[in-house]
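Undergrad: Quick one: the structure is below, questions incoming.
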Amino acid sequence: MSIKAYKYRIEVNKATQETLQWVLDRARELYNAALAERKEAYRMAGKSITYYAQKRDLVEIKEQIRPEYQEIASHVLQDVILRVKKAYDNFFRRVKHGEKPGHPRFQGRHRYDSFTYPDGAGWKLEVGKAPDEKRGKGKALLHLSKIGTAKVILHRQIEGRIKTVTIKREGTDWYAIFTCEVATKPLPIAYEDVGIDLGVTHFAALSNGEFIDHPRYFRQAEKKLVAAQQAVSRKKRGSHRRAKAVKHLAKQHRKVRNQRKDFHHKASRQLVNRYQVIAFEDVETKNLTKAPAPRQDEATGANLPNGASSKAGLNTSILDAGWGAFTEMIATKAAWAGRQVIFVNPKHTSQACSGCGTIVKKDLSDRWHSCACGTELDRDTNAAVNILALGRKHLVVGTRPTSATT
Numbered sequence: 004m005s006i007k008a009y010k011y012r013i014e015v016n017k018a019t020q021e022t023l024q025w026v027l028d029r030a031r032e033l034y035n036a037a038l039a040e041r042k043e044a045y046r047m048a049g050k051s052i053t054y055y056a057q058k059r060d061l062v063e064i065k066e067q068i069r070p071e072y073q074e075i076a077s078h079v080l081q082d083v084i085l086r087v088k089k090a091y092d093n094f095f096r097r098v099k100h101g102e103k104p105g106h107p108r109f110q111g112r113h114r115y116d117s118f119t120y121p122d123g124a125g126w127k128l129e130v131g132k133a134p135d136e137k138r139g140k141g142k143a144l145l146h147l148s149k150i151g152t153a154k155v156i157l158h159r160q161i162e163g164r165i166k167t168v169t170i171k172r173e174g175t176d177w178y179a180i181f182t183c184e185v186a187t188k189p190l191p192i193a194y195e196d197v198g199i200d201l202g203v204t205h206f207a208a209l210s211n212g213e214f215i216d217h218p219r220y221f222r223q224a225e226k227k228l229v230a231a232q233q234a235v236s237r238k239k240r241g242s243h244r245r246a247k248a249v250k251h252l253a254k255q256h257r258k259v260r261n262q263r264k265d266f267h268h269k270a271s272r273q274l275v276n277r278y279q280v281i282a283f284e285d286v287e288t289k290n291l292t293k294a295p296a297p298r299q300d301e302a303t304g305a306n307l308p309n310g311a312s313s314k315a316g317l318n319t320s321i322l323d324a325g326w327g328a329f330t331e332m333i334a335t336k337a338a339w340a341g342r343q344v345i346f347v348n349p350k351h352t353s354q355a356c357s358g359c360g361t362i363v364k365k366d367l368s369d370r371w372h373s374c375a376c377g378t379e380l381d382r383d384t385n386a387a388v389n390i391l392a393l394g395r396k397h398l399v400v401g402t403r404p405t406s407a408t409t
């Protein structure tokens with residue numbers, strides 16, 4: 004059994020929408036209050052307040068301090084306290100592993116955008132019409148305790164047993180996210196493996212010579228995004244016109260994000276369905292997109308050109324591709340399908356010849372690999388072949404009847 008999330012857009016009337024926003028605001032206030040209590044307790048007495056202590060205090064808070072919390076389902080409030088606990092757990096984990104700590108922060112109106120029913124209490128889903136085979140949308144009603152009823156747009160069937168329900172706001176739209184416990188369904192064994200080199204000229208180069216084109220959604224929408232950002236900058240802070248412009252800008256960014264996510268889902272599904280073993284380079288996107296170090300003239304101290312302008316364009320293209328999100332989707336889908344994903348050391352994958360192993364120096368402008376041994380192929384395809392070869396070395400022989408082990 005595994006956990007899978009289903010996200011659906013919901014339609015609500017004005018009164019229910021106002022109630023949803025009211026509940027969201029109260030949940031945010033409780034989160035910030037619980038966080039402030041923890042910070043003050045540690046600052047004043049050097050003590051930490053536990054999740055269970057704050058959870059017990061909810062009874063007194065609802066009866067004496069904030070009686071309006073009685074209009075919110077109890078388990079929703081308890082989940083808010085649990086979020087504070089998880090924020091601190093993640094903070095201490097990062098400290099332990101020497102990462103950038105990132106202390107839990109107070110949440111503003113535009114940062115805290117969801118609340119959760121952590122179990123089966125406080126909600127009920129009535130499915131009236133399931134989605135048909137021709138991609139028709141189904142209909143369902145979601146009854147939320149002390150809030151109202153929402154129409155759920157079912158674009159796909161919910162599978163498994165629903166564990167939690169999260170109501171999320173994105174701009175002016177509202178969504179319901181059902182977290183379900185689902186039985187895994189491995190795909191039939193495939194007898195083909197692939198190495199994949201992610202790039203910006205092509206989104207992905209496969210070791211069999213195929214390419215996946217880069218859709219460049221951000222680049223296509225860049226002019227519209229710049230115009231929308233300029234419109235926000237021209238408006239007076241705090242004005243209704245600025246708030247309207249901010250919503251428009253956020254909508255444009257959401258469109259780009261959704262387009263990229265849709266592309267990632269479709270491409271990852273095709274690869275997982277086709278290949279048994281998928282090998283990638285183990286690259287850190289944040290390292291690739293770092294700004295170049297400043298350069299200074301040793302004699303005069305004047306700043307020298309360091310390629311920051313051209314590097315900024317490359318960084319934008321890398322971030323537009325969304326390599327990290329794509330590989331994460333591949334890994335998740337592969338786990339469900341019984342496939343194997345391997346990440347290999349990226350050292351010399353682009354420079355080494357896939358035919359003889361000789362290092363052939365190339366800069367970024369060289370898009371063709373040519374070696375004295377006679378190997379002639381696209382630079383990215385050469386890298387993908389090297390990645391697959393390294394991936395096969397990681398395989399334990401006999402674990403699965405793939406082309407790498409037969």
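So the sequence shown is numbered by the numbering used here: it starts at 4 and just counts up by one.
Yeah, the Cβ is synthetic: ideal placement off N, Cα and C, and Gly gets one too.
As the structure is a prediction and not an experimental result, all values here were calculated from the model.
Please work out which residues of its chain come closer than 6 Å, Cβ to Cβ, to A207, disregarding the five sequence neighbours upstream and downstream, and give them in chain order.
TA: I199, L201 and I215
Undergrad: Rounded to a whole number of angstroms, what is the C-alpha to C-alpha distance between F181 and F95?
TA: Their Cα atoms are separated by approximately 29 Å.
Undergrad: Please list, in chain order, all residues of the same chain as N16 whose beta carbon is under 8 Å from its beta carbon, the five residues on each side excluded.
TA: Excluding positions up to five away in sequence, the list reads G151.
Undergrad: Which of the three DSSP states is assigned to F221 in this structure?
TA: helix
Undergrad: Tell me which same chain residues have a C-beta within less than 6 Å of the C-beta of P404, skipping the five on either side of it?
TA: Note on P404: pLDDT 46, under 50, position unreliable in the model; no value is reported.
Undergrad: Here's the rule I'm using: 16 or more other beta-carbon atoms within 10 Å means buried, otherwise exposed. How should V344 be labelled?
TA: Label assigned to V344: buried.
Undergrad: Taking the alpha carbon of D192 as the point to measure from, which residue in Q233, R172 and R342 has its own alpha carbon closest?
TA: The sequence shown places Ile at residue 192, rather than the Asp named in the question. The option with the nearest alpha carbon to I192 is R342.
Undergrad: Below 8 Å on the Cβ atoms is my contact criterion, and I expect Q255 with L228 to pass it. Report the Cβ-Cβ distance as a whole number of Å.
TA: 6 Å
Undergrad: Can the beta-carbon of K239 be found less than 8 Å from the beta-carbon of A248?
TA: no
Undergrad: Can you tell me where the alpha helix (DSSP H) with F266 in it begins and where it stops?
TA: H243 to R277
Undergrad: Hey, is I390 close to the ligand GDP, as in C-beta under 7 Å from one of its heavy atoms?
TA: The model on display carries no ligand, and the ligand GDP is accordingly not part of it.
Undergrad: Taking C-beta to C-beta, are R31 and Q81 nearer than 8 Å?
TA: no
Undergrad: Express the C-alpha separation of Q273 and K264 in angstroms, rounding to a whole number.
TA: Annotation: K264 to Q273 spans about 14 Å, alpha carbon to alpha carbon.
Undergrad: Would you kindly check if the distance between the Cβ of V203 and the Cβ of E284 is under 8 Å?
TA: no
Undergrad: By alpha-carbon positions, which one of I6, E287, A36 and D92 ends up nearest to A328?
TA: E287
Undergrad: Below 8 Å CB to CB, which residues in the same chain sit around H267 once its five sequence neighbours on both sides are set aside?
TA: G325, A328, F329 and M332
Undergrad: Going by beta carbon distance, what residues of the same chain come within less than 6 Å of K396, once the five residues before and after it are set aside?
TA: none
Undergrad: Which word fits R29, buried or exposed, when buried means at least 16 other C-beta atoms lie within 10 angstroms of its C-beta?
TA: Under this definition R29 is a buried residue.
Undergrad: Pick out whichever of H205, H158, E102 and T167 has its Cα sitting closest to the Cα of R370.
TA: H205
Undergrad: Distance check for S320 and L291, CA to CA, integer angstroms please.
TA: Between the C-alpha atoms of L291 and S320 there is a straight-line separation of about 11 Å.
Undergrad: When we look at the beta-carbon of D383 and count the other beta-carbons within 10 Å, is it buried (16 or more) or exposed?
TA: buried
Undergrad: Counting only runs that start and end within the region 312-361, where is the beta strand (DSSP E) found for 3 or more residues in a row?
TA: 343-347
Undergrad: For Y115, which of helix, strand or coil comes out of DSSP?
TA: coil
Undergrad: By alpha-carbon positions, which one of K289, G304, I281 and A133 ends up nearest to A392?
TA: I281
Undergrad: Compare the beta carbon distance of K132 and L144 with 8 Å and say whether it is the shorter of the two.
TA: no
Undergrad: So, is V275 buried or exposed, given that buried needs 16 or more other C-beta atoms within 10 angstroms?
TA: buried
Undergrad: Indicate the three-state DSSP secondary structure (helix, strand or coil) for R69 in the structure shown.
TA: coil
Undergrad: According to the Cβ coordinates, are D116 and R172 closer than 8 Å?
TA: yes
Undergrad: Just mark Y194 as buried or exposed, buried being the case when its beta carbon has 16 or more other beta carbons within 10 Å.
TA: exposed
Undergrad: Measuring only the C-alpha atoms, how far is Q232 from L252?
TA: 6 Å
Undergrad: List the DSSP bridge partners of Q57.
TA: Answer by DSSP bridge pairing: none, since Q57 is not bridged.
Undergrad: Tell me where the beta strand (DSSP E) around E287 begins and ends.
TA: Where E287 is concerned, there is no enclosing beta strand (DSSP E), given that its DSSP letter is neither H nor E.
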